[in-house]
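With numbering that gives the first Met the number 0, the residue at position 154 of the sequence shown is 153, and numbering never jumps. Here a beta-carbon is modelled for each residue, glycine too, at the ideal position from N, C-alpha and C. Model, not experiment: these values are computed from the prediction. See structure below.
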Amino acid sequence: MKKNILLIATAFISCMAWAQTATVQPKIMVIPYTKQGEDITQVIENDVNKRIVLAKIREAFDSRGFTTIDFAAKLKSFSRTEGLSQESQTDLKAMIIQQSGADIYVEAEMDILLSSSGNSVKTILTAYDISTGGSLANKVGESGKFYTDDIGKLGAKAVEKVADEFLDIIQTKFTDIVNNGRSISVDFSFEQTSSLSMSTEIGSEGLTLSDQIELWMSEHAYKNNYHIQGTTDKRMIFDDVRIPLKDSNGNNYNINRFGLEFLKFARSNGLQITRSTANNTLVITFK
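As structure tokens, then:
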């Protein structure tokens, strides 16, 4: 009996240890690099070599147990259901990325080098956090020179050379996000006609606006992790604020949701604000 209890206890402890060390992996979507104004649909449909390289990158992710999302399938489905006009094609990639359900997207660029001494392909891989747009990893792979016209095969070889290291960096960065939150900046300022300033007292306790902002930030920043770059009477900048990957219900959380929470706080104190996001920064302006 004692032996059975010991075995059960050992198994339970092992399961708990596994649960604590299990790695949460991101959902990843691989997309081709496109120039400004370039039709991404044509890029994929007209270049078989790029399709081969994209497929090879997905294979590398799949082999490591990552969940991947097929960008080409999303592109076809989105274009068909949305009936996009020609003018909106330039925004198509951004719309698919935001609605893909992925955590990270990897942009793949391919540079083909042809010469009499052999052909080669260089691939440039860049991983981005979809929620913030921040760069997570960058790697350049080169196939080496070969006397072959099979550009797709050369591209695949270039990917293979850097895939493991590239994936290791992504996993490390994503694990840090899971454990410590995403990093954003928050910039508070005032309209020129505003009668408010950071020294204005608000709320029943008579605290200044800057103090109220910091108290709110300490409650809403993930694990109370934030840093104030500086404060003046007309501006307050947080250069590193951590927000969670998921909310308490397990739904995706992002910079816009964080801004919405502050909007609710402002209204509860009789304050009017405008908010916008740019380059991973939440801009809050008091009216």
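Considering only their Cβ atoms, is the gap separating Ala126 from Ile96 smaller than 9 Å? Contact: no.
When we look at the beta-carbon of Leu135 and count the other beta-carbons within 10 Å, is it buried (16 or more) or exposed? Per the 10 Å Cβ criterion, buried.
Alpha carbon to alpha carbon, how far is Gly269 from Ile27? Cα to Cα, Gly269 sits roughly 42 Å from Ile27.
Those residues which DSSP pairs with His226 across a bridge: Beta-bridge partners assigned by DSSP to His226: Asp239.
Which same chain residues end up closer than 7 Å to Ala71 when comparing Cβ atoms and leaving out the 5 residues on each side of it in sequence? Excluding positions up to five away in sequence, the list reads Ile43.
Continuous beta strand (DSSP E) assignments of at least 3 residues falling wholly in the segment 130-163: As summarised for the segment 130-163, the continuous beta strand (DSSP E) elements at least 3 residues long and confined to that stretch are 134-141, given in chain order.
Measuring CA to CA, which of Ile150, Leu214 and Gly143 is closest to Arg50? That would be Ile150, whose Cα lies nearest to the Cα of Arg50.
Ile68 vs Leu53 beta-carbon contact at 9 Å: No, the pair does not count as a contact, with Cβ atoms beyond the cut-off.
Using the Cα positions of Ala21 and Tyr221, report the straight-line distance between them to the nearest angstrom. A caution first: Ala21 carries a pLDDT of 47, below 50, which makes its placement in the model unreliable, though a value can still be read off. A straight-line Cα-Cα distance of about 21 Å links Ala21 and Tyr221.
Provide the residue span of the beta strand (DSSP E) that contains Val120, from first to last. Element bounds for Val120: Ser119 to Asp128.
Helix, strand or coil: which one does DSSP assign to Ala277? Three-state DSSP puts Ala277 in a strand.
Measuring CA to CA, which of Gly249, Ser196 and Gln41 is closest to Thr231? When each option's Cα is compared against that of Thr231, the closest is Ser196.
Which of helix, strand or coil DSSP assigns to Asp167: Looking at Asp167 - three-state DSSP - the assignment turns out to be helix.
Through-space distance from Ile111 to Phe237, alpha-carbon basis: A direct Cα-Cα distance of roughly 43 Å separates Phe237 from Ile111.
Just to confirm, is the Cβ distance from Glu106 to Lys121 under 9 Å? For Glu106 and Lys121, no; Cβs fall outside 9 Å.
Taking 8 Å as the threshold, find out whether the segment 190-204 comes into contact with the segment 167-181 through three or more Cβ pairs. They do not touch, by the three-pair rule.
Alpha carbon to alpha carbon, what distance is there between Lys156 and Leu208? Looking at the two C-alpha atoms, the distance is approximately 57 Å.
Within the same chain, show all residues whose beta-carbon is closer than 7 Å to that of Phe165, passing over the 5 residues directly before and after it, in chain order. For Phe165, same chain residues with a beta-carbon under 7 Å away, outside a window of 5 residues either side, are Leu124, Ala136 and Lys138 in chain order.
Range covered by the alpha helix (DSSP H) that runs through Glu204: Per DSSP, Glu204 is not a residue of any alpha helix (DSSP H), being assigned neither H nor E.
Along the chain, where does the alpha helix (DSSP H) that runs through Thr40 open and close? According to the DSSP assignment, Thr40 belongs to the alpha helix (DSSP H) that extends over Ile39 to Asn45.
Best match in Gly64, Glu37, Gln170 and Lys286 for proximity to Lys233 [C-alpha to C-alpha]: Ranking Gly64, Glu37, Gln170 and Lys286 by Cα distance to Lys233 puts Lys286 first.
Just confirm the distance between the C-beta atoms of Thr276 and Ile254, as a whole number of angstroms; I'd bet it's less than 8 Å. Confirmed, Cβ separation roughly 5 Å.
Residues in its own chain within less than 7 Å of Tyr252 by CB, not counting five upstream and five downstream? Once the five neighbours on either side are set aside, the close Cβ partners of Tyr252 are Ile242, Pro243, Leu244, Lys245 and Asp246.
Work out the CA separation of Asp239 and Ile227 for me, nearest whole Å. Their backbone Cα atoms lie some 7 Å apart in a straight line.
Span of the alpha helix (DSSP H) around Phe257: It spans Ile254 to Ser267 - the alpha helix (DSSP H) in which Phe257 sits, taken as one unbroken run.
Leaving out five residues on either side along the sequence, give the residues of the same chain with a beta carbon under 7 Å from the beta carbon of Thr131. Within the same chain, Thr131 has close Cβ partners Arg181, Ile183, Ile254 and Asn279.
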